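Presented below is the structure to which this report refers.
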Amino acid sequence: MHTVLAHLDEPPALAAVGIGVHGPAGHVDMFSLPGLWQFHLYSYEADLTVNGAAHLIRPGRVSLVPPGTQVRYLYRGRSEHLYVHLRLEPAGAPARIPVIQDAGPELPALTAQLRQALAAWPHTPARAAAEVWAALWRVAHLAPPKTRSTQTVHPAVATALSLIETRLAEPLTVAEIAKAAGVSHNHLTRLFRATTGETVVGYLRARRMERARHFLRATTLSIPAVAASVGIPDLQAFNKACRRELGAAPRSIRAAQPVIGGGGTNVEHV
Numbered sequence: 001m002h003t004v005l006a007h008l009d010e011p012p013a014l015a016a017v018g019i020g021v022h023g024p025a026g027h028v029d030m031f032s033l034p035g036l037w038q039f040h041l042y043s044y045e046a047d048l049t050v051n052g053a054a055h056l057i058r059p060g061r062v063s064l065v066p067p068g069t070q071v072r073y074l075y076r077g078r079s080e081h082l083y084v085h086l087r088l089e090p091a092g093a094p095a096r097i098p099v100i101q102d103a104g105p106e107l108p109a110l111t112a113q114l115r116q117a118l119a120a121w122p123h124t125p126a127r128a129a130a131e132v133w134a135a136l137w138r139v140a141h142l143a144p145p146k147t148r149s150t151q152t153v154h155p156a157v158a159t160a161l162s163l164i165e166t167r168l169a170e171p172l173t174v175a176e177i178a179k180a181a182g183v184s185h186n187h188l189t190r191l192f193r194a195t196t197g198e199t200v201v202g203y204l205r206a207r208r209m210e211r212a213r214h215f216l217r218a219t220t221l222s223i224p225a226v227a228a229s230v231g232i233p234d235l236q237a238f239n240k241a242c243r244r245e246l247g248a249a250p251r252s253i254r255a256a257q258p259v260i261g262g263g264g265t266n267v268e269h270v
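If you count by my numbering, then the sequence shown holds residues 1 to 270, one letter each, in order.
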């Protein structure tokens, strides 16, 4: 994994902000956070593997890893980093962001924002979330212009995204979406992938499952009602989709709901 798609149109919900303390040299950590993004700012050298893809950690680099992703750290000595564990609501068009990249000249501002978030957490969580949100937007624009689009979203893609959001609970085909967008099936497929990095079908499936996860964790809707609300009324099919896309059955996802916010230590030792 080298890039991720992150929705940044709404502020993040924070689960933890702190300073990670790791090491010594040769120590290996391997883990994943099933329901939370990992946002790290590094001040050391180490080796990082994300879903099998190798990356180098260097001072001044920042990483963003999506929920449920397996990471492996190989440390070269005592290692400290600023970290945030958070949730992102699937609102608006996603931004494509490198898994790890250099902060470059933005490092002082980015460090200041995360330290302000650390100082605010957990006593004033809204302030902490605001600082992290601003930091995420700063990270989203670190990549050089040649690697990110500076153009507005194509009208056909904007129409497609809007239609998908309004009809997540209904049967919907790529042909219907293309017709509503006023372009051919193939042309929409090319435009959509160029904008989002995903196929129309893949994006639709991901949005349905993101909404399902939200309903399972944040509401008391029955599982059949959740399934119907995301356009998969067949419970067997819904159960299979949850296991395939979210890694667990609907009842397990609901039972494993993490608590967002609250106190706890700001330093994690491994």
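Cβ atoms here follow ideal geometry from the backbone N, Cα and C, with glycine treated the same way. Everything numeric in this text was worked out from a predicted model, so none of it was measured.
Would DSSP call residue i helix, strand or coil?
i      : result
Arg217 : helix
Val21  : strand
Arg271 : The structure shown does not extend to residue 271, since the chain is modelled only from 1 to 270, so the question has no answer here.
Tyr44  : coil
His55  : strand
Gly14  : Looking at the sequence itself, residue 14 is Leu, so the reference to Gly does not match. If DSSP states are grouped into helix, strand and coil, Leu14 belongs with the strands.
Val132 : helix
Gly92  : coil
Val153 : coil
Ala158 : helix
Ala140 : helix
Ala103 : coil
Ala256 : coil
Asp9   : coil
Arg148 : In this prediction, Arg148 has a pLDDT of 42, which is less than 50 and means its spatial position is unreliable; what the coordinates show is noted afterwards. If DSSP states are grouped into helix, strand and coil, Arg148 belongs with coil.
Gly262 : Because Gly262 sits at a pLDDT of 38, beneath the cut-off of 50, its placement in the model cannot be relied upon, and the point is left open.
State the beta-bridge partners of residue i as determined by DSSP.
i      : result
Arg72  : Met30 and Thr49
Pro98  : Thr3
Trp354 : There is simply no residue 354 to check, as the chain begins at 1 and stops at 270 in what is shown.
Give the range of the beta strand (DSSP E) segment to which residue i is assigned.
i     : result
Val65 : Arg61 to Val65
Which two residues bound the contiguous alpha helix (DSSP H) that contains residue i?
i      : result
Arg87  : First-last for Arg87: Ser79 to Arg87, but that is the beta strand (DSSP E), not the alpha helix (DSSP H).
Pro108 : Leu107 to Ala120
Ala297 : Within the shown structure, residues of the chain are numbered from 1 to 270, placing residue 297 beyond reach of any answer.
Is residue i a contact residue of the ligand GDP, with contact defined as CB to any heavy atom under 7 Å?
i     : result
Gly77 : This structure simply doesn't include the ligand GDP, nor any ligand for that matter.
Inter-stretch contact (C-beta, 8 Å, three-pair minimum) for the region 215-223 and the region 186-201: Cβ pair count under 8 Å is below three, so no.
Given 8 Å, three or more beta-carbon pairs between the region 13-20 and the region 97-108: Because the criterion of three Cβ pairs below 8 Å is not met, the region 13-20 and the region 97-108 do not touch.
Given 8 Å, three or more beta-carbon pairs between the region 3-12 and the region 119-137: Flag = yes, the region 3-12 and the region 119-137 touch.
Within the region 162-233, ranges of the alpha helix (DSSP H) (whole runs, at least 4 residues): Qualifying alpha helix (DSSP H) stretches, in chain order: 174-181, 185-196, 200-218 and 223-229.
Inter-stretch contact (C-beta, 8 Å, three-pair minimum) for the region 23-32 and the region 86-100: No, the region 23-32 does not touch the region 86-100.
contact_flag[the region 197-215, the region 167-179] where n(CB pairs < 8 Å) is 3 or more: The region 197-215 vs the region 167-179: in contact.
At least three beta-carbon pairs within less than 8 Å, the region 155-174 to the region 33-49: Contact between the region 155-174 and the region 33-49 is absent, because fewer than three Cβ pairs lie under 8 Å.
The region 122-129 / the region 67-79 touching (three or more Cβ pairs under 8 Å): Pairwise C-beta distances place the region 122-129 out of contact with the region 67-79, as fewer than three of them are shorter than 8 Å.
Contact between the region 64-73 and the region 110-124 (3+ Cβ pairs under 8 Å): With a cut-off of 8 Å, the region 110-124 and the region 64-73 do not count as touching, because too few Cβ pairs lie within range.
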